[in-house]
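*Asks:* Protein chains in written order, with the UniProt record's numbering: chain A, 1 to 265; chain B, 1 to 455. Beta carbons are placed, not taken as given, at the ideal position from N, Cα and C, and that holds for glycine.
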């Protein structure tokens, strides 16, 4: 997101949109208990179905989009949302990378339908789950499954004052060091995706003695040929490596390429 | 207009519910022909892609079904996989799980009370709209909600999709001193929760009832949350009582492993609807059911608040069957959850290990816990090396769908009989009736319901 020169007069209008998702990222906005009423003073929360039964008309100055695209109607809906949005920010792993539902991308969706539904013929869905950026231009992508509350506030604040959000793209390792957490790989031999995962969570998992599982997706500096042997050294086999890469950001290009390479051997 | 012809009412986007749904109601000659809750959340196929995953993964993966109640998914998943592996988590580890779950109850129920449901009773569109005239109350709600989040953040690492939960317990358990800062916050929250019960008890409630079986877990001696056996209370009509009767009725209990024998998904003729029926009857899970089944085990402070709020004394067989008053029951449950969290912290001693080992074995396991909106059941079948070969998730909203539709049908029918309501009035009424049950549509997508329109 670049600095805005054509800022709207009056309170800018905020819209929150949902595609295939768990609602957790938009809930993060309601979890800003200390800031919510303050944000509502600065921004007109114009369209937010989860929170309001009085949706206001567009166009919108800032659209936050949660969820991935999995139906034909949603392809049309995201195009419309783009048209009526001055700035469009994706929130979370589904909107940014396709989400956990992108696991269908490796499977036969007809078989998936039959496995879950008694009448699969009534379920209309696309063969793939894709991020918003596969369909329309996106101004900024906020990572995470779920997103971090502090980063969401940063994105909204940055928008309000017309500057780029300060959201670092380095790996979780930096956050561990800053937090003072002992490295779980070095100290305990625990497999950890921290070295290749985008920062933003505050290095939560290592702080709880658990290896990072990559819920913020790839960082800006992944080096899988060097990294995968570390996972193997710490006890993971090919199936384990594929599984850990194929979760909430499975369709992120770096994770996807690495998991495919693993399977090819 | 004295004679109404066929009329179709559509609410295209339900607001202030979790997930996306719509309502389709067909009226013909002043008779409600059909009430249909249509869920257009796109399917995400969790049960399909869980197959082939490791048995350690369902707690994290299924938490992504619902960002509003991730702990419920993690707990039901843990219990089901542990059941398959023959492991029982008890003692302080079980107490910590209950504490975490109390955090989710406080957060999620308060969210529903203040941000989603209260605006209906006070003529507002949203909590932000509400804050213009009821600022002190909305701030109290946000503070209370935050206390629930604080419990989840401390124990789970974060409130949405916590990272510290694993099979057998936790990755890391806190020292007693780490829990202590929560105490002051929860004491304040207890005051806020008491005031919440008083606040919502002052709302105006239409008369209504529900002639369904009530289904909730029961764990004698405690208000069942993270464990217990499914227990059903008969519908009032079976005892010749009206739907709004506040009398407790006989219950029957079955094991979690028999859940699938009793709660059966059926496909109705002429529609693609999948409806859950309990032994062939429509049933309701959630706050009203829990209060009926476990109300006698509430803590003294919660029991007193319930009585002061006009809910009667559950120890004397009082139940609440008015879905509009579910907001009071939710508030009582929040008060209980705060009180219970304080009790658990007070008696906490760190367990010797943060988790029990859960070695895999080829078996099928069942788990059920009380999500904020009702009973959430998971079943997994594991292969010899711990690979999931089959998964089944039955969320509360899917079970409640039939009851919600029946509520809508009856309410609209009553209103048609008492005047000439406009579409806008009916729409408003239906939205409120749906929110009475706090439906979580994100969870229920695999109960997607489409009905063929017949002319």
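Please list the residues of the segment 150-176 of chain A that have a C-beta atom closer than 7 Å to any C-beta atom in chain B, keeping them in chain order.
*Replies:* Those would be none; no residue qualifies.
*Asks:* Between A:238, A:14 and A:52, which lies nearest to residue 64 of chain A when the distance is taken from Cα to Cα?
*Replies:* Taking only the C-alpha atoms, the option nearest residue 64 of chain A is A:14.
*Asks:* Check whether the Cβ of residue 294 of chain B lies closer than 7 Å to any Cβ atom in chain A.
*Replies:* No, residue 294 of chain B does not count as interfacial toward chain A.
*Asks:* Hey, quick one: how far does the beta strand (DSSP E) through residue 44 of chain A stretch, first residue to last?
*Replies:* Start and end: 44-48.
*Asks:* Kindly say whether residue 232 of chain A, judged by its beta-carbon, lies nearer than 7 Å to any beta-carbon of chain B.
*Replies:* It does not: the Cβ of residue 232 of chain A has no partner Cβ on chain B nearer than 7 Å.
*Asks:* Rounded to whole angstroms, how far is the Cβ of residue 248 of chain B from the Cβ of residue 329 of chain B, which I believe are closer than 8 Å?
*Replies:* Incorrect: roughly 14 Å between the Cβ atoms, too far for contact.
*Asks:* Alpha carbon to alpha carbon, what distance is there between residue 155 of chain A and residue 201 of chain B?
*Replies:* Those two C-alpha atoms are separated by around 39 Å.
*Asks:* Please go through the same chain and pick out, in chain order, the residues whose beta-carbon is closer than 8 Å to the beta-carbon of residue 351 of chain B, but skip the five residues on each side of it.
*Replies:* Cβ neighbours of residue 351 of chain B beyond the five flanking positions: 91, 92, 93, 96, 169 and 173.
*Asks:* Whose C-beta lies closer than 7 Å to the C-beta of residue 304 of chain B among residues of the same chain, with five residues either side of it excluded?
*Replies:* None.
*Asks:* Let me know the alpha helix (DSSP H) ranges lying completely inside the segment 374-430 of chain B, each 4 residues or longer, listed in chain order.
*Replies:* Whole alpha helix (DSSP H) segments, 4+ residues: 396-417.
*Asks:* Quick one: grab the DSSP three-state call for residue 19 of chain A.
*Replies:* Residue state, collapsed to three classes: coil.
*Asks:* Of the residues A:247, A:263 and A:254, which one's Cα is nearest the Cα of residue 237 of chain A?
*Replies:* Here the closest residue by C-alpha is A:263.
*Asks:* Can you check whether the CB of residue 253 of chain A is closer than 7 Å to the CB of residue 227 of chain A?
*Replies:* No, these two residues do not count as a Cβ contact at 7 Å.
*Asks:* With 7 Å set as the bound, which would you pick, yes or no: does the beta-carbon of residue 47 of chain B sit closer than that to a beta-carbon of chain A?
*Replies:* Taking Cβ atoms only, chain A reaches closer than 7 Å to residue 47 of chain B, which makes this a yes.
*Asks:* Roughly how far, in whole angstroms, is the beta-carbon of residue 386 of chain B from the beta-carbon of residue 76 of chain B, given that I think they are within contact range, below 8 Å?
*Replies:* That pair is no contact at about 18 Å.
*Asks:* Count the other C-beta atoms from every protein chain shown that fall within 10 angstroms of the C-beta of residue 161 of chain A, then say buried if there are 16 or more, exposed otherwise.
*Replies:* Answer is exposed; the Cβ neighbour count stays below 16.
*Asks:* Against chain A, which members of the segment 143-159 of chain B pass a CB distance test of less than 8 Å?
*Replies:* Against chain A - using a Cβ distance shorter than 8 Å - the residues of the segment 143-159 of chain B are 143, 145, 146, 149, 157, 158 and 159.
*Asks:* Assign residue 188 of chain A to one of two classes, buried (16 or more other C-beta atoms within 10 Å of its C-beta) or exposed (fewer than that).
*Replies:* It counts as exposed.
*Asks:* Compute the Euclidean distance between the alpha carbons of residue 215 of chain B and residue 327 of chain B, then round it to the nearest angstrom.
*Replies:* Taking the straight line joining both Cα atoms gives about 18 Å.
*Asks:* Quick one: Cα of residue 439 of chain B to Cα of residue 373 of chain B, how far?
*Replies:* Whole-angstrom Cα-Cα distance: 7 Å.
*Asks:* Tell me which same chain residues have a C-beta within less than 7 Å of the C-beta of residue 125 of chain A, skipping the five on either side of it?
*Replies:* Within the same chain, residue 125 of chain A has close Cβ partners 70, 71 and 109.
*Asks:* Check distances from the C-beta atoms of the segment 223-234 of chain B to those of chain A and list, in chain order, the residues that come in under 7 Å.
*Replies:* So the list is empty, because no residue satisfies the distance condition.
*Asks:* Compute the Euclidean distance between the alpha carbons of residue 251 of chain B and residue 115 of chain A, then round it to the nearest angstrom.
*Replies:* About 34 Å.
*Asks:* Hey, does residue 216 of chain A have any beta-carbon neighbour from chain B nearer than 7 Å?
*Replies:* So, not an interface residue.
*Asks:* Would the segment 27-42 of chain B count as touching the segment 395-410 of chain B if we require 3 or more Cβ pairs under 8 Å?
*Replies:* Touching, yes.
*Asks:* So within the segment 154-194 of chain A, which uninterrupted alpha helix (DSSP H) runs reach at least 4 residues, ignoring any that extend past its ends?
*Replies:* Runs found: 172-179 and 184-188.
*Asks:* Can you tell which of B:353, B:29, B:379 and B:196 has the C-alpha that lies nearest to the C-alpha of residue 365 of chain B?
*Replies:* Checking every option, the nearest Cα to that of residue 365 of chain B belongs to B:379.
*Asks:* Indicate the three-state DSSP secondary structure (helix, strand or coil) for residue 73 of chain B in the structure shown.
*Replies:* Correct three-state label for residue 73 of chain B: helix.
*Asks:* Give the C-beta separation of residue 278 of chain B and residue 262 of chain B to the nearest angstrom, bearing in mind that I take them to be a contact with Cβ-Cβ under 8 Å.
*Replies:* 6 Å between Cβ atoms; contact.
*Asks:* Residue 136 of chain B: buried (16+ other C-beta within 10 angstroms of its C-beta) or exposed?
*Replies:* It is exposed - the Cβ of residue 136 of chain B has fewer than 16 other Cβ atoms within 10 Å.
*Asks:* Of all the CB atoms in chain E, is at least one closer than 7 Å to the CB of residue 171 of chain B?
*Replies:* No chain E is present in this structure, whose protein chains are A and B.
*Asks:* From which residue to which residue does the alpha helix (DSSP H) around residue 187 of chain B run?
*Replies:* Note, residue 187 of chain B: alpha helix (DSSP H), 176-201.
*Asks:* Spell out whether any CB of chain A is found under 7 Å from the CB atom of residue 331 of chain B.
*Replies:* It does not: the Cβ of residue 331 of chain B has no partner Cβ on chain A nearer than 7 Å.
*Asks:* Using a Cβ-Cβ cut-off of 7 Å (strictly less than) and excluding sequence neighbours within five positions of residue 30 of chain A, which residues of its own chain qualify?
*Replies:* The answer, listed in chain order, is 36 and 51.
*Asks:* Relative to the alpha-carbon of residue 63 of chain B, which residue among A:192, A:19, A:183 and A:99 has its alpha-carbon at the smallest distance?
*Replies:* Measuring from the Cα of residue 63 of chain B, the nearest candidate turns out to be A:99.
*Asks:* When you compare the CB positions of residue 294 of chain B and residue 336 of chain B, do they come within less than 7 Å of one another, or not?
*Replies:* Not in contact: residue 294 of chain B and residue 336 of chain B (Cβ atoms no closer than 7 Å).
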